[in-house]
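Here's the structure we're looking at; comments come further down.
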Amino acid sequence: MPKKKTADPTFEEALKQLETAVGRLEEGALPLSVALKVFEEGLKASNQCRSLLEDARQQVEVLIRDSDGEFELVSIDSNGEGFADE
Amino acid sequence: MERPLSVSDVTQAVKQTLEMQFPPMWVAGELTSFSQPSSGHRYFTLSDPQSQLRCVMWRSRSITGFRPTAGMAVLAQGQLTVYERRGEYQFNVSQLLPAGVGQQLIAYEKLKKKLSEEGLFDEDQKRPLPEYPRTIGVVTSRTGAAFRDILDVLERRFPAIRIVLRPALVQGLDAPEDIAQGIADLNDFGEVDVLIVGRGGGSAEDLAAFNDETVVRAVADSEIPVISAVGHEIDISLSDLTADVRAPTPSAAAEIAVRDVLEVREHVGRLTLRTREAMQRLLDENKDLIEMHESSYGMRRLSDLIFQNAQHVDELHRDLYALIRRLFESRLADYHRMTGKLGSLSPLSVLARGFGLVQRKDGSVVSDAGVLTHREHLHIRFAKGEATCRVEKIKR
Numbered sequence: 003m004p005k006k007k008t009a010d011p012t013f014e015e016a017l018k019q020l021e022t023a024v025g026r027l028e029e030g031a032l033p034l035s036v037a038l039k040v041f042e043e044g045l046k047a048s049n050q051c052r053s054l055l056e057d058a059r060q061q062v063e064v065l066i067r068d069s070d071g072e073f074e075l076v077s078i079d080s081n082g083e084g085f086a087d088e
Numbered sequence: 006m007e008r009p010l011s012v013s014d015v016t017q018a019v020k021q022t023l024e025m026q027f028p029p030m031w032v033a034g035e036l037t038s039f040s041q042p043s044s045g046h047r048y049f050t051l052s053d054p055q056s057q058l059r060c061v062m063w064r065s066r067s068i069t070g071f072r073p074t075a076g077m078a079v080l081a082q083g084q085l086t087v088y089e090r091r092g093e094y095q096f097n098v099s100q101l102l103p104a105g106v107g108q109q110l111i112a113y114e115k116l117k118k119k120l121s122e123e124g125l126f127d128e129d130q131k132r133p134l135p136e137y138p139r140t141i142g143v144v145t146s147r148t149g150a151a152f153r154d155i156l157d158v159l160e161r162r163f164p165a166i167r168i169v170l171r172p173a174l175v176q177g178l179d180a181p182e183d184i185a186q187g188i189a190d191l192n193d194f195g196e197v198d199v200l201i202v203g204r205g206g207g208s209a210e211d212l213a214a215f216n217d218e219t220v221v222r223a224v225a226d227s228e229i230p231v232i233s234a235v236g237h238e239i240d241i242s243l244s245d246l247t248a249d250v251r252a253p254t255p256s257a258a259a260e261i262a263v264r265d266v267l268e269v270r271e272h273v274g275r276l277t278l279r280t281r282e283a284m285q286r287l288l289d290e291n292k293d294l295i296e297m298h299e300s301s302y303g304m305r306r307l308s309d310l311i312f313q314n315a316q317h318v319d320e321l322h323r324d325l326y327a328l329i330r331r332l333f334e335s336r337l338a339d340y341h342r343m344t345g346k347l348g349s350l351s352p353l354s355v356l357a358r359g360f361g362l363v364q365r366k367d368g369s370v371v372s373d374a375g376v377l378t379h380r381e382h383l384h385i386r387f388a389k390g391e392a393t394c395r396v397e398k399i400k401r
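Sequence order for the protein chains is A and B.
The number in this note's numbering is simply the position in the first sequence, starting from 1, with 2 added.
The number in this note's numbering is simply the position in the second sequence, starting from 1, with 5 added.
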């Protein structure tokens, strides 16, 4: 997954929002205007969950720490290239 | 004169005293005069330059990994006892090992005891794994099969994931330091939700690094939950005991680290269906209100949802259908039942059932006849099309 912008929820957060929406709606007793808002949030969260599951591909990186203690990440092909040679 | 004791009484007393005074212990020595008669029991002597210790090892105890021969340096674990018939004390051996292997085992057991007393293996030290990790850190050899196996399983189960490998030596003298540093590095790096630490199967010696105190302590000190993946069927390493979760192989560790994406998608799909069903129940419960246009804000939101989200809802619906069809052919009938119901429950059907949305010229939704003026024009939106009407009579 690419480094997330703070505005984008993680899958777990989106799922939690969806679960919260279901919970509140199923509890009933919400004023209709609130319910509609919750419903809309639920749909939005559902859509976010879906796109987070569908869009991202496996991303493989190697962590290297140089002598100064700085981290460097090197992407490698998860299909195996860049593997055999150290 | 006191009444004399019998020989048996004396022997029994000595035996009891001896066994109580000497708990089970390890003894190092040179193996001399080893014999194994047809009974299968072994009789031998442990010697050093000053003394000898007679030993017996019953047939039921097995000797694995080496053939004992005279002159060999060994370690024997057992219990001192008395052979009553001869009135001789002897060492009843339960485990016999070559000295080198024995030293390692003793060191292992000593370390295990120490770490156990420190609480490193305690169940309440185990942290739960994250349900949906975004990034998985792996400490293992870059070229070994273990890493390949982990990638394969993750790709199959949950492709939407980032994997960060910290390559480490997994055998040899430098391995413990490197593995421990790798665990520390990934902790310092900070973007990792769960760690897999391990290697593929190997002999007991190949796994020595995972019994090293440095590695065990690094696992214990890790802020990030650790799944140990030391592929060995028989031995459980100290790292395994310390890790939050122990997996028998690297592949199994990857299985444990993530959920199956198909199950997750189905979960999301079902939650989405439930959201819409619950919403529809609320709409049904409130239909009188809607009919009377008593919730103008609600109606505005509703029309918004109907017209802007209809397509989105349809897409969701389609995707879910495709997913579940792929996943569970057998549950298809069930699903048809559910989607059939959903069709009638869609927010669109509120209008389809004959309700209308009434708006004034400025777009505000009318929920109170009191706001209207005589002969004012109103827009009514139906499920299909709309109409402009004129107010002829107002009842407040």
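Beta carbons are placed, not taken as given, at the ideal position from N, Cα and C, and that holds for glycine.
For a Cβ distance threshold of 7 Å, residue set Glu136, Tyr137 of chain B lies close to glutamate 14 of chain A, ordered along the chain. Between lysine 20 of chain B and valine 106 of chain B a beta carbon distance of about 31 Å is seen, past the 8 Å cut, so the two are scored as non-contacting. Going by beta carbons, cysteine 51 of chain A and leucine 75 of chain A fall outside the 9 Å limit. With a threshold of 9 Å between beta carbons, histidine 382 of chain B makes no contact with chain A. Looking at the backbone, the Cα of isoleucine 66 of chain A and that of phenylalanine 73 of chain A are separated by about 6 Å. Around the beta carbon of cysteine 60 of chain B, 16 or more other beta carbons lie within 10 angstroms, which makes this residue buried. Taking a contact as a CB-CB distance under 8 Å, the pair glutamate 136 of chain B and glutamate 14 of chain A counts as one, their CB atoms being some 7 Å apart.
In the three-state DSSP reduction, methionine 77 of chain B falls in the coil class, being neither helix nor strand. At least 9 Å separates the CB of aspartate 70 of chain A from every CB of chain B. Looking at the DSSP output, methionine 62 of chain B sits in a beta bridge with B/Arg47. Between serine 256 of chain B and arginine 204 of chain B a beta carbon distance of about 12 Å is seen, past the 8 Å cut, so the two are scored as non-contacting. Between the beta-carbon of phenylalanine 96 of chain B and that of leucine 85 of chain B there is about 6 Å, and that keeps the pair under the 8 Å contact cut. Listed along chain A are Leu65, Arg67, each with a C-beta nearer than 7 Å to that of aspartate 190 of chain B.
Between the segment 269-287 of chain B and the segment 17-34 of chain A there are three or more C-beta pairs closer than 8 Å, enough to call the two in contact. Taking the CA atoms as reference points, alanine 173 of chain B sits about 39 Å from arginine 66 of chain B. A check of alpha carbon separations from isoleucine 155 of chain B across B/Ser233, B/Asp53, B/Leu102, B/Ala213 identifies B/Ser233 as the nearest. Only residues of its own chain outside the window of five on either side were considered, and among them Ala374, Gly375 have a CB closer than 8 Å to the CB of arginine 401 of chain B, listed in chain order. Residue pairing by DSSP places glutamine 108 of chain B opposite no residue, since no beta bridge is assigned to it.
Taking a Cβ-Cβ threshold of 9 Å, the residues of chain A close to arginine 270 of chain B are Cys51, Arg52, Leu55, Glu56, in chain order. With respect to proline 29 of chain B, arginine 47 of chain B sits apart: the two C-beta atoms are not nearer than 9 Å. Around proline 253 of chain B, the same chain offers no residue with a beta carbon nearer than 6 Å, after the five sequence neighbours per side are excluded.
Shown here, serine 372 of chain B sits in coil according to DSSP, grouped into three states, outside any helix or strand. Collapsing the DSSP output to three states places valine 158 of chain B in a helix. DSSP places glycine 25 of chain A in the uninterrupted alpha helix (DSSP H) bounded by 13-29.
With respect to the C-alpha of aspartate 183 of chain B, the residue from B/Arg167, B/Ala150, B/Val202 having the closest C-alpha is B/Val202. Taking a Cβ-Cβ threshold of 7 Å, the residues of chain A close to leucine 159 of chain B are Gln60, in chain order.
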